Structures are given as C-alpha cells and as structure tokens.
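Below you'll find the structure, written out as structure tokens, and then a few comments.
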Amino acid sequence: MKRHQMALAATGLSAALLLSACGGSDDKKDDGDKAAPGASGAAGAPKDGTIKLVVADYGSGDGSMQKYWNGVISSFNEKNPGIKVNLQVINWDDIDKQVATMIQNNDMPDLLQTGGYADKVVDDLLYPVDDVMSPATKADFVDSFTPAATVKGKQYGIPFTSSTRQLIYNTDLFTKAGITDPPKTWDELKAAATKLKAAGVATPFGLPLGKEEAQGEFMNWALGNGGGYQTNGKYTVNSAQNVEALNWVNDNLVKGGLTESNPGTKNRKDVYTDFYGGSVGMVNSNPTMIATLKKDYPNLKYATAPIPGKAGPLNETLGVCDWMMAFKKNGHKDQIKAFLDHAFSTDQQIKFQEQYSFPPVTKSVMAKMTTNPANAGLKPYIDLLPKAKFYPLNDVAWDVLSPKIKEQLGSAVSGKSPKDVLDQLQKEAEAAVAQQKS
Amino acid sequence: MAETAVRRAPTVVTRVKKALAPLPWIGPAVLLIGVVVLWPVVVMVWSSFQRIRRTGIVVGSNGTDNYKKLFDEPDFVAVLWNTVVWVLVVVAITLVLSLFLAQLFNQHFPGRRFARWAMIVPWAASVFMTAVVFKWMLHETHGAINTLMVDLHLMDAGKDWLGRPSTAMPWMMAVAVFVSLPFTTYTLLAGLQTVPGEVYEAAKIDGASTWRTYLSITLPLLKPAILVAVVINLINVFNSFPIIWAMTNGGPGYETATTTVFMYQLKASDIGESAAMSVANFAMIIILVAFFLVVSRNKETDR
Numbered sequence: 001m002k003r004h005q006m007a008l009a010a011t012g013l014s015a016a017l018l019l020s021a022c023g024g025s026d027d028k029k030d031d032g033d034k035a036a037p038g039a040s041g042a043a044g045a046p047k048d049g050t051i052k053l054v055v056a057d058y059g060s061g062d063g064s065m066q067k068y069w070n071g072v073i074s075s076f077n078e079k080n081p082g083i084k085v086n087l088q089v090i091n092w093d094d095i096d097k098q099v100a101t102m103i104q105n106n107d108m109p110d111l112l113q114t115g116g117y118a119d120k121v122v123d124d125l126l127y128p129v130d131d132v133m134s135p136a137t138k139a140d141f142v143d144s145f146t147p148a149a150t151v152k153g154k155q156y157g158i159p160f161t162s163s164t165r166q167l168i169y170n171t172d173l174f175t176k177a178g179i180t181d182p183p184k185t186w187d188e189l190k191a192a193a194t195k196l197k198a199a200g201v202a203t204p205f206g207l208p209l210g211k212e213e214a215q216g217e218f219m220n221w222a223l224g225n226g227g228g229y230q231t232n233g234k235y236t237v238n239s240a241q242n243v244e245a246l247n248w249v250n251d252n253l254v255k256g257g258l259t260e261s262n263p264g265t266k267n268r269k270d271v272y273t274d275f276y277g278g279s280v281g282m283v284n285s286n287p288t289m290i291a292t293l294k295k296d297y298p299n300l301k302y303a304t305a306p307i308p309g310k311a312g313p314l315n316e317t318l319g320v321c322d323w324m325m326a327f328k329k330n331g332h333k334d335q336i337k338a339f340l341d342h343a344f345s346t347d348q349q350i351k352f353q354e355q356y357s358f359p360p361v362t363k364s365v366m367a368k369m370t371t372n373p374a375n376a377g378l379k380p381y382i383d384l385l386p387k388a389k390f391y392p393l394n395d396v397a398w399d400v401l402s403p404k405i406k407e408q409l410g411s412a413v414s415g416k417s418p419k420d421v422l423d424q425l426q427k428e429a430e431a432a433v434a435q436q437k438s
Numbered sequence: 001m002a003e004t005a006v007r008r009a010p011t012v013v014t015r016v017k018k019a020l021a022p023l024p025w026i027g028p029a030v031l032l033i034g035v036v037v038l039w040p041v042v043v044m045v046w047s048s049f050q051r052i053r054r055t056g057i058v059v060g061s062n063g064t065d066n067y068k069k070l071f072d073e074p075d076f077v078a079v080l081w082n083t084v085v086w087v088l089v090v091v092a093i094t095l096v097l098s099l100f101l102a103q104l105f106n107q108h109f110p111g112r113r114f115a116r117w118a119m120i121v122p123w124a125a126s127v128f129m130t131a132v133v134f135k136w137m138l139h140e141t142h143g144a145i146n147t148l149m150v151d152l153h154l155m156d157a158g159k160d161w162l163g164r165p166s167t168a169m170p171w172m173m174a175v176a177v178f179v180s181l182p183f184t185t186y187t188l189l190a191g192l193q194t195v196p197g198e199v200y201e202a203a204k205i206d207g208a209s210t211w212r213t214y215l216s217i218t219l220p221l222l223k224p225a226i227l228v229a230v231v232i233n234l235i236n237v238f239n240s241f242p243i244i245w246a247m248t249n250g251g252p253g254y255e256t257a258t259t260t261v262f263m264y265q266l267k268a269s270d271i272g273e274s275a276a277m278s279v280a281n282f283a284m285i286i287i288l289v290a291f292f293l294v295v296s297r298n299k300e301t302d303r
C-alpha cells in the first residue's frame, strides 16, 4: 500500500518537473532568439538579424494570408539573405488582444499590421515613418491617408489596406419594383424602399447598426447630412446634423418597416448574407462584397451607385484604413526599412490588393489596378479613395469611443431616442479626451 | 490536564513533522491553486486600482477612479438588475424542473437507461455551441423554430426573437436552463438514491399521502443535494457568458447584458474599469454564496 503511494507521488513529482523543465527551456530559447538580433542591430550592421512580423488575417482562416506573406518574405530574402523574418499571422478577432499581451510582456513585434496605431504613438512605442521607409516608398501613398496617419505633425501610420463605401442594389428587385434609377437623395431612397416593400421584398434597405460596424454605417448617414464625428478637431458626435440624420433613419426607414427587423442588433455579415440570398434591395457596401459576389454568387445581378445624402449623393464617402507600424523597442530600424521598402513595392502590393479585392493604398498600384478590366467592379470604390473621409484614427480617444459607439448606437433604433444616445456618446468622447490629457 | 501537557511537550517537533508529512502529496496541488487561482485574484484586484492603457501598458495608480467610473455608467443599474433576474429565474426554474426530472429518472420504466443517457447530452455539448445552434434555430426566416411555428400556424411569419430584449431574455434563459438541467438533475438523482427505502415504507404504513411523503420525507432528506445544486448553479449561471455572448452580444445597447458580459464589453474601452467590474462580480458571487450557505445552515440548527 505504502509503496504504491510512493510510486504515485514519484510519478506526479517527475511529471511536474518534466512540465516545468519544458517550459523553462522554451523560454530560454525564445530569449536567445531575441537577444541575438538586438545585439547585431545595435552594432549597426543593417543586413543581419531577425525581425518579428505580426499581421492580421484577412482571409477566412484558409491560410491564404500566411501564403501571401511567405511569398513577400521569400522574395525579400532573395535580395536580403541576412535578414530573417519571423512571421506570425493572427486571426482578426484576436489580434488586438494578443498584441496587448505582447506589449504587456515586453515581447514586442518589430512590425505590426492591424486596425489601429494611435494608442501606440501615445505610449511612444513606434518609429516615425520617415525613420523606417525610404522617401520614394513613402511618396507613393495615396495622399488622402496622410491626415489620418499623422499625429502631431509626424506620420506614424503606414496605410496597408483600405476600403470605401458605395450603395449596392439588386437590379432584379429594382426592375420588379419598377425602379429605373438608383436613389440619389434620402427622399428618393425612402420612395424606392417603399416600392420595393410593395413588390414583396423582405428587406428593402439593409441597415446594419449592430455591434460589428455601427460606427461605419452611422458615419455614412452623418456625412450625408454634412455631419461627422469631429469638427475642427473637436468631437461633435451629437451635432444637430448627426441627430437629424439618425432621427431621419429611425423615423422613416426603421419605424416605416423598410429595413430588416431590429436593425440595431444586426451586423454587416447578416445583412450582406441576405443580400447575397436576394432578399435585400439595397445596402451600403464595401468592396469585399464585389469579390464575394463575383466568386460565390455569379448569378445575382447588381449595380453600385454613390451613397445617397439628404440633398444629393455623397462625393466624400467613408474611407477605412488598416495600418502597418514599426516598433522601436528592439532597435531594428535598418532591417525594418529594408523589409518595408520591399513589402510596399508595387509588385508585392498589387498581389495583396487584387487577391482580397481591396482598394490600393499606393498611387502606382492604383494606376495599375484601375486600368485592368478585371477590376471593373472595384473601380468605383477605388475612384472614391482620393476624397475619402476617415474616422479620427490619429486620435487615441477614438480607440475608446469607437467600441462605445459600436455597443450603444443600436439603441437609437431600438426604442431609445437618437438624441439621448448621441448625447451619451458625446459624453463618452469628452471623457476619453479628458483622460488622455490627464 | 498538566499530565497530558507534559506527555505531549516533547512531541512538538514530531507533531510539526507529522503536520508537514502530507506536503509532498498536497504540495503540487497547493502550488497549483496558488498560481492558477489565488494569483490571478491578486492581479485582478491590483489591476482594478491601476490606470491601464489600451495597449496594455500600466500608467500608474488610478485610486478608486475605476470604481467611480463604473458605478457612474448610465447602464450600470440596468445591467445589475438584468443579472439579478437572470440568476434568480434560471436557477429557480432549473431547480424545479430538475426535481421533477430526478423523480422521474428514479422510477423504473422501460428505456430508463436510454433516457438517463440522453439527459447527459446538453451537458456534454459545448455551451457555446448549444447557444449558437439555438441562435440559428431562432433565425427570423430560416430558423427551425420559426419555420415549425409558422408551419403549425401558430404564427403568420417568423419572429426576430433575439432582436428585442423582451423576447431575447426569455429565450436565453431557456437555453441557460437547458444546459443547467443535466448537472442539477444528476445531483438530485444521486440525492434521491441515498434516501433509504424503509423510510418510505414507514410512511406508507402510517398512511401518508404521496404529496405528504414527498414534502415531509423526500425534500428534507434531499436537502444536502439541493444545497450543492443551488450553490453550484448560482455560480455557474452568474458567470454564464457564452450563452448571452453567442446569442445577442448583450445588445441592443446593453439591454441583454449581465455584469459578466458587461465586464467583457468594458474591456474594449477601459481595462481598469473592466477589472473593477470583475472585482465587483467576484465580490457579488462570494457574498451570494456565503449568504446562501449561512441561511441554509441556520435552518439546520433551528430544526
């Protein structure tokens, strides 16, 4: 009996030792990897070292993103055999949390590609773009990105992907309802939606004001009334124009039953899926829809048009941008520069933008893509890019405000008064600004 | 007295040795509990008093500001109320249904073994998966539940059950009850099987009615099992995150969020405030369970 217990304890103990031993050796190996390039970087040798590249996964988890970056890295290594690039591709939903953990543990990447950069500038973690990119590469970016990429006069954000918005509509349903032209104003939109409803269309206008992207859908409407999140650098979330826009949407579209039911809880994904299924008349779309329609729903007939505004179609639409950024911590300035100049070269960029059907971020790629007839569906979105309006992405308070808008805006079409909801969001914005200053 | 003291005095060292003897055996477990359970609690409480940037960098102490900000959230009271209703309703319904099911499963009937096995399924399946399946069954136009109800002419058209708090809450509670039933039923079933048959025989001889037997014999003897079931369910249901997250994300607004979901939502904008909510959650669950244990013990001594 006793011997039996001893044996058990011994097994347990050795198992525990084994586990901790494994952990220990792993840690050490990691440290070794990190220390070596740091030392060589400090010695000023630009050609050798390891940089850690962390990127978001835009694919559907099918490994295509990994493949794309491996291609960039291997072509980079043909020219720069001394610089090793450690690639880590992280799912879009998890990347911000995982990066926060990396920063907390002082295990920072050298290059990160994700949705926001401003919070990292405030904490002084990033290189200014001028330090890690040659002037020629930098000059190639589409100019409309620059304000959103710049904090206090210095550019930190490197645009990587972008997207703009267009109204997309199902032309079969439009014909069935007897509508010939896409709506240009809010009143025309309401009239068209009413006709679609009379023709038996389940969702005349898709309005995804749920958590996923309420801040984007709302901005489409605010811009249509001359509103927006900021005026002269100050938050004006509850401006008269914004309140009027949201009231119009709520009173005419939502209460009139012209949208899907309970739009405050519906996400883009839900509404887009229904559009693909043919039960949605029109919806504000992003360019990935065009790629999906082409690939998976070739029989659905559609067309795009500028987004209607109160008095006329928007010529400045919402632009969205995701960023690449370079971290100072490991001192790999020269290696980063070499890699970025390669990764943002026309050949590498065009592969990515065409594969995922995103509008380009550089002028050279834009020129190539717009002349390629295969991108005809994407062209209207690309054409909007030079005039696109971005969220206040260079303001760290926006990072606090954005999730609040996502969570709370849906209430404005679910029974609460739009003005109350926007007033509360304005308070959140002011509190966020105050907290950054303190 | 003195005699015993004298007798024990020289054995102090031995006693310490004896007390430490199990350490090699329980040591790893104690260490594990310390690292995996206690340490995170310490960090959680510490975080709730810090100002933490979204990048994860700790700026410094924030005093009690995180708590002030949390209690000043305009939706805080509503979320708290949601939580109270959620916990009470789900635990109460689970318990009543489980008492009934346990009684049923304690009878002999053909196919009992199969029925008992089937009862395990909601338990064996991942809660998140169950919630997602229910979410799709409740889809307005394609969901199985809506289609069935329309086909049976119970409704004219599908309903968007999860789009409104008034219908979303009952459905989510139903799912929470569904996944809580197996554990509760099995706990109570185990309790029922410890009740000796002679007691029932005696009651029968005394001419007690079925109801009377149940109220005066089964329920009191089942009390320890009920106690375990309620305490574990209180904790589980209070912490139940995946059901609400999968089905409504707490929306619209925060109207279907409980404090556990609210904590997660706060994390996107303010990590310190979210930590304060975690501490409040932790305190609430400890108070709740302690209160329940004290009340049930008092009753025991009364008797």
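Just so you know, the protein sequences line up as chains E and L, in that order. For the record, in the first sequence the residue sitting at position 392 is 392 according to the working numbering, with numbers rising by one throughout. For the record, in the second sequence the residue sitting at position 144 is 144 according to the working numbering, with numbers rising by one throughout. Cβ atoms here follow ideal geometry from the backbone N, Cα and C, with glycine treated the same way. In this text the structure is predicted, and so the values were computed from the model without any measurement.
Collapsing the DSSP output to three states places Gln113 (chain E) in a strand.
Note on Gly157 (chain E): 16 or more other CB atoms within 10 angstroms of its CB, so buried under the neighbour-count rule. The residues Met173, in chain order, have a CB closer than 8 Å to that of Val89 (chain L) in the same chain once the five nearest residues on each side in sequence are set aside.
As a beta-bridge residue in DSSP terms, Tyr169 (chain E) pairs with E:Met282 and E:Ala303. Annotation: Lys368 (chain E) to Asp341 (chain E) spans about 19 Å, alpha carbon to alpha carbon. Measuring C-alpha to C-alpha distances from Thr167 (chain L) to each of L:Val13, L:His142, L:Gly251 and L:Asn66 identifies L:Gly251 as the nearest. When CB distances to chain E are screened at a threshold of 8 Å, not a single residue of the stretch 205–231 of chain L falls below it. Asn299 (chain E) counts as exposed, since fewer than 16 other C-beta atoms from the protein chains shown sit within 10 angstroms of its C-beta.
DSSP places Lys52 (chain E) within a strand segment (E or B) once states are collapsed to three. Checking the DSSP bridge columns, you'll see Ala326 (chain E) partnered with E:Leu111. Glu201 (chain L) counts as exposed, since fewer than 16 other C-beta atoms from the protein chains shown sit within 10 angstroms of its C-beta. Looking only at L:Ile244, L:Arg53 and L:Ala208, the smallest Cα-Cα distance to Pro170 (chain L) is reached by L:Ile244.
Nearest in C-alpha terms to Gln355 (chain E), of all of E:Glu78, E:Gly227 and E:Ala291, is E:Ala291.
Residues of the stretch 80–103 of chain E that bring their beta carbon within less than 7 Å of a beta carbon in chain L comprise Ala100, Thr101 and Ile103, in sequence order. Within the stretch 252–273 of chain E, Ser261, Asn262, Gly264 and Thr265 place their CB atoms closer than 7 Å to a CB of chain L, listed in sequence order. Under the three-state reduction of DSSP, Asp57 (chain E) is assigned to strand. Assignment of beta strand (DSSP E) within the stretch 197–284 of chain E, counting only whole runs of 3 or more residues, yields 203–206 in chain order. Chain order gives the chain L residues near Pro403 (chain E) as Gln265, Ala268 and Ser269, where near means a beta carbon separation below 8 Å.
Taking 7 Å as the upper bound on Cβ-Cβ separation, chain L lies near residues Gln424 of the stretch 418–429 of chain E.
Counting the other CB atoms within 10 Å of its CB gives Ser278 (chain L) a total of 16 or more, which places it among the buried residues. Chain L places a beta carbon closer than 8 Å to that of Asp399 (chain E), counting this residue as a contact. Chain order gives the chain L residues near Gly210 (chain E) as Gly251, where near means a beta carbon separation below 7 Å. With respect to Val201 (chain E), Leu173 (chain E) sits close: the two C-beta atoms are nearer than 8 Å.
Pro287 (chain E) and Glu217 (chain E) have their alpha carbons spaced roughly 15 Å apart. With a threshold of 16 other beta carbon atoms within 10 Å, Val16 (chain L) falls short and is exposed. Here Val320 (chain E) is bridged, per DSSP, to E:Ser163. With a threshold of 8 Å between beta carbons, Lys120 (chain E) makes contact with chain L. Rounded to the nearest whole angstrom, the CA to CA distance from Asn170 (chain E) to Ile350 (chain E) is 29 Å.
Just measuring C-alpha positions, the residue of E:Phe390, E:Ala343, E:Cys321 and E:Gln215 sitting nearest Ser134 (chain E) is E:Ala343. For Asp395 (chain E), the nearest beta carbon of chain L is not closer than 8 Å to its own beta carbon. What Gly410 (chain E) touches in chain L, judged by beta-carbon distance under 9 Å, is Gly251, Pro252 and Gly253, going in chain order. Short of 7 Å from the beta carbon of Pro380 (chain E), and not among the five residues preceding or following it, lie these beta carbons of its own chain, in chain order: Gln166 and Thr304. For Glu213 (chain E), no Cβ of chain L is located within less than 8 Å of the residue's own Cβ. In this structure, E:Val99 is the residue among E:Lys437, E:Met289 and E:Val99 with its C-alpha nearest to the C-alpha of Leu53 (chain E). Going by beta carbons, Thr259 (chain E) and Leu196 (chain E) fall outside the 8 Å limit. Close to Gly163 (chain L), with beta-carbon spacing below 7 Å, are these residues of chain E in chain order: Ser261, Asn262 and Thr265.
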